[in-house]
Amino acid sequence: MEVIRSQKRTPSNDTVSNPKIPLYLTAPQMEVRLEEFELFAVDRLRVLKGVSDGLARGRNPKEMDDLVDTLWKEHMRDPDASVMFNKDIISHFVLRLVYCRSDELKKWFLSMETALFRHRFRLQNFEAQRAIVGEFGLPYKAVTGAELEGLKERLGQVVRSLGQISPTVEAVYYKVPFEEVPDLVASRRVLIQKGYAFVAGSQLVSLVVTQFRSHISKALILTNRKWTTTIQEREKDRLTPIVEALSTSYLGPDYSQSTEYAEISLKDIDQVAKSSFPLCMRHLFEKVREDHHLKHGGRMQLGLFLKGVGLKLDDALAFWRAEFTKKVGSERFDKEYAYSIRHNYGKEGKRTDYTPYACQKIILSAPGAGDHHGCPYRHFSEDNLRAALGRMGLSSRGMEGVMDQVRNKHYQLACTMTFEAVYGTSCDAGINHPNQYFEESQKILKSKTPPAPV
Amino acid sequence: ERKMIREEIESREDEKMIDAAQMNNPEPEECFNVNYLRIYYGGKSNLFPYSDIHKWLSYGHDGKHPGCDEYYFGRREFSFTLENDVYLRYKSFKNASSMEDAIKSNFPYKIDIGAVYSVDPDKRHAYSQTGTNVFTPVERELVFDIDITDYDDVRYCCSGADVCSKCWPLITVAIKVIHTSLTEDFGFKHILWVFSGRRGVHCWVCDPKARRMTNEQRSAVAEYFRVYKGNENNARKVALMGYSLHPFLARSYVDYLKGFFEGELQATQSIFSTKDKYEKILAMISDEDIQSELRGKWENSARSSLSEEAISLVRWEQLKNTLQSKKHKAPTLRMCVEEIVFTFTYPRIDLEVSKQMNHLLKAPFCVHPKTGRVCVPIDPNNCDEFDPLAVPTLSQLIEEINSGGSRMDVDDDEDSDTSLLAKSIKFFRSSFLEPLLKSCKEEIESSYKTKIGKSKDSFSW
Numbered sequence: 001m002e003v004i005r006s007q008k009r010t011p012s013n014d015t016v017s018n019p020k021i022p023l024y025l026t027a028p029q030m031e032v033r034l035e036e037f038e039l040f041a042v043d044r045l046r047v048l049k050g051v052s053d054g055l056a057r058g059r060n061p062k063e064m065d066d067l068v069d070t071l072w073k074e075h076m077r078d079p080d081a082s083v084m085f086n087k088d089i090i091s092h093f094v095l096r097l098v099y100c101r102s103d104e105l106k107k108w109f110l111s112m113e114t115a116l117f118r119h120r121f122r123l124q125n126f127e128a129q130r131a132i133v134g135e136f137g138l139p140y141k142a143v144t145g146a147e148l149e150g151l152k153e154r155l156g157q158v159v160r161s162l163g164q165i166s167p168t169v170e171a172v173y174y175k176v177p178f179e180e181v182p183d184l185v186a187s188r189r190v191l192i193q194k195g196y197a198f199v200a201g202s203q204l205v206s207l208v209v210t211q212f213r214s215h216i217s218k219a220l221i222l223t224n225r226k227w228t229t230t231i232q233e234r235e236k237d238r239l240t241p242i243v244e245a246l247s248t249s250y251l252g253p254d255y256s257q258s259t260e261y262a263e264i265s266l267k268d269i270d271q272v273a274k275s276s277f278p279l280c281m282r283h284l285f286e287k288v289r290e291d292h293h294l295k296h297g298g299r300m301q302l303g304l305f306l307k308g309v310g311l312k313l314d315d316a317l318a319f320w321r322a323e324f325t326k327k328v329g330s331e332r333f334d335k336e337y338a339y340s341i342r343h344n345y346g347k348e349g350k351r352t353d354y355t356p357y358a359c360q361k362i363i364l365s366a367p368g369a370g371d372h373h374g375c376p377y378r379h380f381s382e383d384n385l386r387a388a389l390g391r392m393g394l395s396s397r398g399m400e401g402v403m404d405q406v407r408n409k410h411y412q413l414a415c416t417m418t419f420e421a422v423y424g425t426s427c428d429a430g431i432n433h434p435n436q437y438f439e440e441s442q443k444i445l446k447s448k449t450p451p452a453p454v
Numbered sequence: 001e002r003k004m005i006r007e008e009i010e011s012r013e014d015e016k017m018i019d020a021a022q023m024n025n026p027e028p029e030e031c032f033n034v035n036y037l038r039i040y041y042g043g044k045s046n047l048f049p050y051s052d053i054h055k056w057l058s059y060g061h062d063g064k065h066p067g068c069d070e071y072y073f074g075r076r077e078f079s080f081t082l083e084n085d086v087y088l089r090y091k092s093f094k095n096a097s098s099m100e101d102a103i104k105s106n107f108p109y110k111i112d113i114g115a116v117y118s119v120d121p122d123k124r125h126a127y128s129q130t131g132t133n134v135f136t137p138v139e140r141e142l143v144f145d146i147d148i149t150d151y152d153d154v155r156y157c158c159s160g161a162d163v164c165s166k167c168w169p170l171i172t173v174a175i176k177v178i179h180t181s182l183t184e185d186f187g188f189k190h191i192l193w194v195f196s197g198r199r200g201v202h203c204w205v206c207d208p209k210a211r212r213m214t215n216e217q218r219s220a221v222a223e224y225f226r227v228y229k230g231n232e233n234n235a236r237k238v239a240l241m242g243y244s245l246h247p248f249l250a251r252s253y254v255d256y257l258k259g260f261f262e263g264e265l266q267a268t269q270s271i272f273s274t275k276d277k278y279e280k281i282l283a284m285i286s287d288e289d290i291q292s293e294l295r296g297k298w299e300n301s302a303r304s305s306l307s308e309e310a311i312s313l314v315r316w317e318q319l320k321n322t323l324q325s326k327k328h329k330a331p332t333l334r335m336c337v338e339e340i341v342f343t344f345t346y347p348r349i350d351l352e353v354s355k356q357m358n359h360l361l362k363a364p365f366c367v368h369p370k371t372g373r374v375c376v377p378i379d380p381n382n383c384d385e386f387d388p389l390a391v392p393t394l395s396q397l398i399e400e401i402n403s404g405g406s407r408m409d410v411d412d413d414e415d416s417d418t419s420l421l422a423k424s425i426k427f428f429r430s431s432f433l434e435p436l437l438k439s440c441k442e443e444i445e446s447s448y449k450t451k452i453g454k455s456k457d458s459f460s461w
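Heads up: the sequence lines are chains A and B, in that order.
In this text, residue positions in the first sequence follow full-length UniProt numbering: the first is 1, and each later residue adds one.
In this text, residue positions in the second sequence follow full-length UniProt numbering: the first is 1, and each later residue adds one.
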């Protein structure tokens with residue numbers, strides 16, 4: 001891709017076939033004006049940020065399809081179809097430069113581009129989807145005839161297990177090695193036999209998304225190499241400043257650095273837990289005090305949250321030690337638990353400074369026997385949730401609103417409603433991070449003069 | 001023979017004083033101590049099967065074929081846990097004898113097997129973390145860990161680290177369900193099940209396809225097996241949605257779980273016989289009226305003449321009948337009966353163990369420090385016969401040597417071998433190692449031929 005100063009653009013002739021969604025397999029051979037370089041990237045970034053927002057709010061797949069459709073039309077549309085297509089490609093490749101430069105950035109970009117691709121794919125008709133599958137060059141054969149007949153009964157069982165009352169089996173199934181469709185395997189949405197998954201035509205999205213993700217992931221590594229070895233230096237007066245500015249503008253705060261509101265000390269921690277912790281962290285905190293122990297998932301979720309809230313490493317070690325030694329003794333604490341607390345603060349091992357979990361991650365976690373982490377709005381039974389909300393001071397009317405959201409699987413909206421009920425104020429941004437809940441709560445409490453303890 | 005062993009031990013460079021009295025008269029309760037461990041791993045006794053482990057983990061790369069990768073074994077990570085909880089990671093060995101030497105100089109309490117990496121774990125610091133030559137796992141068996149403590153909320157005979165003949169059958173059922181799925185659904189062929197030494201089992205899937213799986217794929221298989229989503233915060237710990245079970249769950253239910261629940265489980269756990277027990281089950285029924293109806297029947301029934309097991313069976317029938325007639329009341333009742341069966345019987349695997357390639361897992365034929373039992377293989381096709389309380393302990397093995405009993409060299413041709421460990425080692429070899437190595441060698445040969453074929457083409461003079 002050649003970046004040039006303002007000049008009349010030469011028409012692009014890079015695409016032989018013109019599928020609706022480009023696969024970004026190779027860098028485009030075209031000339032781009034410098035202004036477009038930045039503008040296109042910014043527009044695409046607006047789309048990706050919108051996708052990120054939608055996922056954080058727990059939107060279901062159909063809602064995401066609609067959201068992506070809206071976002072794309074709003075920011076990426078152009079009356080000229082070939083211009084629109086080029087903008088799609090150019091903006092993607094520019095953002096690759098921006099987001100290849102660290103693991104955090106790569107991870108975010110990969111997730112958002114994959115989600116974007118997934119929902120754009122779902123919006124296509126079956127023929128267009130088949131064409132895209134073909135573009136990937138996947139050698140999957142359709143299952144027909146006697147083989148399909150033999151599988152029909154069990155394929156029908158799969159269909160029924162997914163909530164469809166009648167076992168109507170689709171016309172086309174693809175026989176695919178199970179490794180290629182991990183998400184369909186994980187959610188038991190396919191029949192698996194002797195190492196092969198039988199993927200329905202309507203499930204093709206899973207196949208291609210896996211391919212897409214894998215390809216982009218590898219590409220980002222190569223781009224990073226090129227960036228660090230040649231491009232960054234060569235472009236230091238032209239593209240590099242633009243690239244560097246683009247990456248900091250649109251990500252939400254990750255709460256890995258504590259802010260002015262957020263320093264808490266060990267002596268205040270019980271009071272602050274009662275007054276400002278979201279339900280997930282309150283529960284974990286109560287359990288630590290009660291059981292003098294937490295399993296790994298809980299230690300991570302609560303530990304990183306406390307770090308984000310401003311608890312210093314020494315105070316954190318003192319806190320966990322005070323509780324755990326009641327059960328396991330001082331020697332075992334030092335041997336088995338102190339290391340991982342230090343690890344979370346970036347003082348051991350890889351020395352990565354781990355960031356506190358956002359709601360999306362917490363909601364998707366899977367607490368098992370003996371665990372207390374996860375999102376109570378999702379993982380608690382109704383009775384337990386009502387009891388917990390009651391302890392937070394919700395009235396029965398407030399509770400109904402929250403339970404309603406829970407029933408509709410809008411867990412973050414449920415938490416937001418809880419926040420609004422507890423503090424008597426509205427929270428328009430919506431809760432999408434436990435540390436955000438904490439900070440907003442502290443802001444409110446500090447703005448009122450001596451707040452009554454809850 | 002006793003004298004021989006004592007001399008051997010005293011000749012080791014070790015400051016520890018060995019109590020001769022202890023050597024001659026081991027405490028019957030003391031199944032494990034460091035001296036026994038030294039004999040187990042040490043020179044003359046040949047108890048720990050070094051060369052079998054080495055053959056297994058070499059996967060056919062024994063250097064006897066030009067297609068072999070002679071460095072393959074050396075890139076495998078091992079870890080040792082020593083006597084004072086000292087933990088040594090990233091150990092690697094060039095060959096069988098250096099592995100043997102390392103074990104004999106450390107006498108680890110636990111040996112773990114990790115992944116095969118891109119370079120020798122020992123030398124990982126020589127490689128940078130970026131660029132093309134990164135230290136990263138490249139192969140690792142697909143592994144599963146099932147521990148009876150994860151079933152504590154559904155077993156009434158024991159809790160925590162204990163296990164007995166009444167609750168071990170839960171593990172047996174788990175083996176059957178998972179093993180059938182691994183072979184029938186996923187098409188895996190080289191599967192090793194091993195007793196974990198105290199209260200569970202490990203599973204090692206060793207097919208080449210399995211070893212090359214990414215973390216994402218491992219996670220997918222683990223999630224495929226996951227049904228139980230319970231902890232003390234929720235009452236309904238298994239939620240089966242939809243209008244029917246997925247074929248895998250349906251087969252497991254029909255072939256294993258239903259029969260176990262209605263048969264052996266009632267006899268060993270009698271899960272309906274007391275109020276505490278049946279209230280837990282009633283809590284899984286998401287309809288207050290049905291709960292009350294059943295509670296009414298059971299609270300006041302005076303069936304003192306029947307055994308606990310019989311009472312449980314009667315109540316189960318009542319529950320099934322009531323739910324059958326009322327299941328259309330709500331979607332959550334549709335498969336309530338199955339949910340209850342799954343809650344009590346379906347395998348509970350430790351997901352974290354399976355998901356990551358770099359997770360370390362205890363080596364087969366280790367000795368468990370708390371029980372002294374050897375981590376012996378289990379035959380999945382005969383797992384009903386396996387009794388965790390009859391597994392040879394370290395002290396039994398030492399006693400066998402001391403009494404000058406059987407020969408210690410396990411020779412496959414000799415049927416007269418009656419040593420305690422011989423049967424396990426024979427099984428390991430014939431059922432697992434030999435078929436595995438045969439298949440590995442075939443693969444090495446065929447990929448070599450392909451490579452040769454390719455390069456032949458490039459030589460076009």
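The beta carbon of each residue, even a glycine, is placed where N, CA and C say it ideally should be.
CB contact below 8 Å: residue i versus chain A
| i | result |
| --- | --- |
| B/MET241 | yes |
| B/PRO49 | no |
| B/SER416 | With a pLDDT of only 43 at B/SER416, under the threshold of 50, the placement of this residue in the model should not be trusted; the figure read from the coordinates follows. Not closer than 8 Å to any Cβ of chain A, the Cβ of B/SER416 fails to qualify, so no. |
| B/GLY187 | yes |
| B/ARG76 | no |
| B/LEU245 | yes |
| B/LYS229 | yes |
Enclosing alpha helix (DSSP H) for residue i [first to last residue]
| i | result |
| --- | --- |
| A/VAL185 | 182-186 |
| A/GLU113 | 103-122 |
| A/ARG378 | 376-379 |
Residue-chain proximity (residue i, chain B), Cβ-Cβ < 8 Å
| i | result |
| --- | --- |
| A/ASP183 | yes |
| A/HIS379 | yes |
| A/LEU162 | yes |
| A/ASN384 | yes |
| A/ARG154 | yes |
| A/PHE324 | no |
| A/TYR250 | With a pLDDT of 40 at A/TYR250, under the threshold of 50, the modelled position of this residue cannot be trusted, and the question is left open. |
| A/GLU260 | Its pLDDT being 44, under 50, A/GLU260 is placed unreliably in this model, and the value from its coordinates should be taken loosely. Judged by the 8 Å Cβ criterion, A/GLU260 is not in contact with chain B. |
| A/ARG391 | no |
| A/VAL208 | no |
Residues near residue i in its chain [Cβ-Cβ closer than 7 Å; skip 5 each side]
| i | result |
| --- | --- |
| B/ARG315 | PHE272, TYR278 and TRP298 |
| A/ASN344 | GLY303, LEU304, LYS307 and TYR354 |
| B/PHE248 | SER181 and ASP185 |
| B/ILE340 | ILE281 and MET284 |
| B/GLU139 | ALA115, VAL116, ARG211 and ARG212 |
Same chain, Cβ closer than 8 Å to residue i, five either side skipped, listed in chain order
| i | result |
| --- | --- |
| B/THR371 | CYS31, PHE32, GLY197, ARG198 and THR393 |
| B/GLY63 | GLU70 |
| A/TYR196 | LYS175, VAL176, PRO177 and PHE178 |
| A/HIS283 | HIS372, PRO376 and ALA388 |
Residues of its chain near residue i, where Cβ-Cβ distance is below 6 Å and the 5 sequence neighbours each way are ignored
| i | result |
| --- | --- |
| A/PHE438 | SER276 and VAL309 |
| B/ARG75 | VAL116, TYR117 and ASP120 |
Residue interval of the beta strand (DSSP E) (run including residue i)
| i | result |
| --- | --- |
| B/THR81 | 76-81 |
- Message: So, does the stretch 167-177 of chain A touch the stretch 139-149 of chain A, judging by three or more C-beta pairs under 8 Å?
- Response: yes
- Please determine if the stretch 397-412 of chain A and the stretch 258-267 of chain B are in contact, where contact requires at least 3 C-beta pairs separated by less than 8 Å. no
- Query: Do three or more CB pairs link the stretch 84-93 of chain A to the stretch 382-401 of chain A at distances below 8 Å?
  - Reply: no
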